[in-house]
Amino acid sequence: MPETRHARPQSRSTFYPPRNIALLVGGACVLIVCAAIRFTDGVPPADAKPPAAAATDGSKTSMPPTNPLAAQVNGQKITRVELGRECLKRHGEQVLEAVISRKLIELECRQHGISITAEEVQQEIENIAGRFGLPVDQWMMLLRNERNISAEQYSEEIVWPMLALRRLAASQLAVSEAEIQKEIESQFGPQVQVRMIVIDQRQKADQVRTAAITNPDEFARLAAKHSTDINSASAGGLVQPIRRHMGDPEIERTAFALRPGQISPIIPVGEQYVLLKCEDLLPARQPGKAQLQQLRTAIVDNIRDRKLRQAGTELFAQLKKNARVENVLNHPQKSQQQPGVAATLNGHPVTMAELQNACIARHGKQVLENMINRALLQTEMAKARLQVTQQELNQEVIRAAIDAGFTHPDGTADLEKWIQTITQENEITQDTYLTNMVWPTVALKKLVGKVTVSDEEIQKGFEANYGPRVRCRAIIVDNLRRAQEAWNLARRDPRIENFAELAAQYSVDAASRSIGGVVPPIQRHGGQPALEREAFALQPGELSGVIQVADKFVILLCEEITKPVVVELAEVRDLLYQDLLEKKHRLAMAQHFEKLLAAARITNFLDPDASRTPSADTTGQAKSRPSAARG
Numbered sequence: 006m007p008e009t010r011h012a013r014p015q016s017r018s019t020f021y022p023p024r025n026i027a028l029l030v031g032g033a034c035v036l037i038v039c040a041a042i043r044f045t046d047g048v049p050p051a052d053a054k055p056p057a058a059a060a061t062d063g064s065k066t067s068m069p070p071t072n073p074l075a076a077q078v079n080g081q082k083i084t085r086v087e088l089g090r091e092c093l094k095r096h097g098e099q100v101l102e103a104v105i106s107r108k109l110i111e112l113e114c115r116q117h118g119i120s121i122t123a124e125e126v127q128q129e130i131e132n133i134a135g136r137f138g139l140p141v142d143q144w145m146m147l148l149r150n151e152r153n154i155s156a157e158q159y160s161e162e163i164v165w166p167m168l169a170l171r172r173l174a175a176s177q178l179a180v181s182e183a184e185i186q187k188e189i190e191s192q193f194g195p196q197v198q199v200r201m202i203v204i205d206q207r208q209k210a211d212q213v214r215t216a217a218i219t220n221p222d223e224f225a226r227l228a229a230k231h232s233t234d235i236n237s238a239s240a241g242g243l244v245q246p247i248r249r250h251m252g253d254p255e256i257e258r259t260a261f262a263l264r265p266g267q268i269s270p271i272i273p274v275g276e277q278y279v280l281l282k283c284e285d286l287l288p289a290r291q292p293g294k295a296q297l298q299q300l301r302t303a304i305v306d307n308i309r310d311r312k313l314r315q316a317g318t319e320l321f322a323q324l325k326k327n328a329r330v331e332n333v334l335n336h337p338q339k340s341q342q343q344p345g346v347a348a349t350l351n352g353h354p355v356t357m358a359e360l361q362n363a364c365i366a367r368h369g370k371q372v373l374e375n376m377i378n379r380a381l382l383q384t385e386m387a388k389a390r391l392q393v394t395q396q397e398l399n400q401e402v403i404r405a406a407i408d409a410g411f412t413h414p415d416g417t418a419d420l421e422k423w424i425q426t427i428t429q430e431n432e433i434t435q436d437t438y439l440t441n442m443v444w445p446t447v448a449l450k451k452l453v454g455k456v457t458v459s460d461e462e463i464q465k466g467f468e469a470n471y472g473p474r475v476r477c478r479a480i481i482v483d484n485l486r487r488a489q490e491a492w493n494l495a496r497r498d499p500r501i502e503n504f505a506e507l508a509a510q511y512s513v514d515a516a517s518r519s520i521g522g523v524v525p526p527i528q529r530h531g532g533q534p535a536l537e538r539e540a541f542a543l544q545p546g547e548l549s550g551v552i553q554v555a556d557k558f559v560i561l562l563c564e565e566i567t568k569p570v571v572v573e574l575a576e577v578r579d580l581l582y583q584d585l586l587e588k589k590h591r592l593a594m595a596q597h598f599e600k601l602l603a604a605a606r607i608t609n610f611l612d613p614d615a616s617r618t619p620s621a622d623t624t625g626q627a628k629s630r631p632s633a634a635r636g
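Note that the numbering used here has the sequence shown beginning at 6, numbered continuously upward.
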């Protein structure tokens, strides 16, 4: 995805959730997403209506919002009506489909006399939290901090539809004893420890198998040299023990037919060819009686959830196929005939109020943050008596397109392709792109004013981009003792193969660990002076000392020092100047906006944790309540 080359006042960090949480929340969402379901507030009363958010502290459930204000920015008011209008403008069409999808489930529940109570939702939340060994309040805090899901969203958008579809598809969710035993065998039955080689070409696979049969002890080396599966290749082909009923049936059948030391036949898997070498046969483990009982309960839940995803998706597809939907939102004539109605589903209205509440519930925080940021910039622009012209907006779009590589053969910006790409990948309209991304960039550039680039900076940029680089492998460790231990083992045997195994064993960096410690070549002036100094002092085959970089400890093994690119500074000076100018502009813009925030008084009624008061000191650091989900 091309980088969005515009400054954006808001900043968000990417979160990679713990795998178990991602699987549970993601698993529930798969069902909902597959059904194109997103949820809303304020649905007309029905037997099956979803409960209000289950309070995690035992207090009363939340009431619909009554505050007419969404935020105040230095005394300037942003009303909930304005926020709703902006949310509808940007997300109304997408959310309407989601609201209709939810209505389908509610109407089906009503038709079958199914009622899901708040108590049932709360009990299910407690059950889910219990699977992770957490109290409900900690589970909800985890969801908010790590998935940005509120208690209300979790109750209404994930748990309620899961329970509703479970009841609707109850006849398809029965779990047999045979299915339970199959799962138990997967977890506690015998396993086969193997090494694996994955190859893309049959002829090459035959050659590698011949070499492995001739000398089975060389299998690990052959895996490191030939396997296309980089995760296992870096460990000499070693993979997690193979269990029954967990993966490709042919691989399982072949693995369990092997004896220690044996090499398997070639196993075609898709367009690849797999070789296995049996290292050991691991016997079955017999769980204790209490453990087995707990295990059975968890297994039943897991099997039922898997069936629910499939059955729920199929059920919803049938409901959608039979539904009669009339879209009023996007038809002006119909909107005049049915004021206040966004759509009808099987004759039941979906009101504009419902849709607006749904848009705010789902996108309100992000849209409000953009509105707050824009209000700050507009105020500052007015103080400075500055304006953003249409020509300046056009020039910024052209610059961004060229910067991202969207150009015609003659070097001019391919605006059509750029606009199409940036709007599709960010799921926004062209108007939103111009309003939320381009306008703030131009405004901040004008507020920042002129930025200069020195000859020294250009020289450093030249050395960084065109000078020599150190191609090396790295072991990255989070404590000194283990770093010294890994360094001592690498010093005893400085071969690349040994270093790769040590990286797989010791490194805490998952990306480089899986490929034997390979890291991007180190350049000069890249922002890590201590690391760069050590790297450029090495010769090929030489091992560094233990280098402390922030809170990590790094060991380098130099493989090669690349040659500088043959180019004169004068040839690329303009290119370097423009690149450095843009980078310095972005940095200055970010710093300027932080100063605006530091001086701002913001009351955010939708997300109180994002409220802030002006800093009392001159450091430019605003006082604000800590928030894990600001934007």
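By construction, the Cβ of each residue, glycine as well, lies at the ideal position given by its N, Cα and C atoms.
Chain-order list of residues whose beta-carbon lies under 6 angstroms from that of residue i (same chain, five-residue window excluded)
i           : result
residue 616 : 607, 608 and 609
residue 236 : 519
residue 574 : 467
residue 224 : 200, 217 and 282
Identity of the residue in the options nearest residue i by Cα
i           : options               : result
residue 516 : 493, 97 and 478       : 478
residue 1   : 318, 110, 261 and 208 : Residue 1 falls outside the range modelled here, since the chain spans only 6 to 636, and no answer is possible.
residue 1   : 198, 583, 378 and 568 : What is shown of the chain runs 6 to 636, which leaves residue 1 out entirely.
residue 323 : 110, 593, 124 and 619 : 110
residue 122 : 328, 76, 95 and 169   : 169
residue 275 : 220, 294, 594 and 255 : 255
residue 435 : 447, 421 and 448      : 421
residue 362 : 593, 558 and 85       : 85
residue 317 : 210, 174 and 455      : 174
residue 557 : 95, 458, 266 and 535  : 535
residue 222 : 335, 358, 238 and 200 : 200
residue 373 : 357, 99, 98 and 613   : 613
Integer-rounded CB distance, given that residue j should sit under 8 angstroms from residue i
i           : j           : result
residue 443 : residue 398 : 5 angstroms
residue 202 : residue 242 : 6 angstroms
residue 521 : residue 540 : With a Cβ gap of about 18 angstroms, residue 521 and residue 540 do not count as contacting.
residue 476 : residue 564 : 5 angstroms
7 angstroms CB neighbourhood of residue i in its chain, flanking five on each side removed
i           : result
residue 369 : 88, 92 and 611
residue 105 : 330, 348, 350 and 355
residue 390 : none
residue 507 : 480, 491, 494 and 495
residue 513 : 481, 482 and 483
residue 301 : 185
residue 569 : 471, 472 and 473
residue 33  : Note that residue 33 scores a pLDDT of 41, beneath 50, so its modelled location is shaky; the value from the coordinates is reported in the next line. Counting only Cβ-Cβ distances below 7 angstroms, and skipping sequence neighbours, we find 163 and 167.
residue 253 : 274
residue 4   : Outside the modelled stretch of the chain, which goes from 6 to 636, sits residue 4, for which no answer is possible.
residue 113 : 173 and 324
residue 263 : 197, 269, 281 and 283
residue 593 : 453 and 456
Cutoff 8 angstroms; reference residue i; Cβ partners in own chain excluding five residues on either side
i           : result
residue 307 : 188
residue 572 : 471
residue 144 : 130, 133, 134 and 137
residue 438 : 424, 427, 428 and 431
residue 531 : 469 and 537
residue 576 : none
residue 261 : 195, 197, 247 and 249
residue 623 : With a pLDDT of 41 at residue 623, under the threshold of 50, the modelled position of this residue cannot be trusted, and the question is left open.
Cβ-Cβ distance between residue i and residue j below 8 angstroms
i           : j           : result
residue 496 : residue 543 : no
residue 269 : residue 287 : no
residue 418 : residue 433 : no
residue 560 : residue 509 : no
residue 313 : residue 147 : no
residue 185 : residue 279 : no
residue 473 : residue 566 : yes
residue 193 : residue 291 : yes
residue 386 : residue 448 : yes
residue 364 : residue 118 : no
Worksheet entry | Contained alpha helix (DSSP H) runs [length at least 4] in the region 115-185, N- to C-terminal order | 123-136, 141-152 and 165-173
Worksheet item: Which full runs of the alpha helix (DSSP H) of 4+ residues lie inside the region 491-539, going along the chain?
Response: 501-511 and 515-518
Practice prompt. Enumerate, from N- to C-terminal direction, the unbroken beta strand (DSSP E) stretches of 3 or more residues contained entirely within the region 302-375.
Written response: 330-332, 346-350 and 353-356
Fill in: Complete beta strand (DSSP E) runs within the region 434-482 (minimum length 3 residues, chain order)
475-482
Worksheet item: Which runs of the alpha helix (DSSP H), 4 residues or longer, sit entirely within the region 218-284?
Response: 224-231, 235-238 and 254-262
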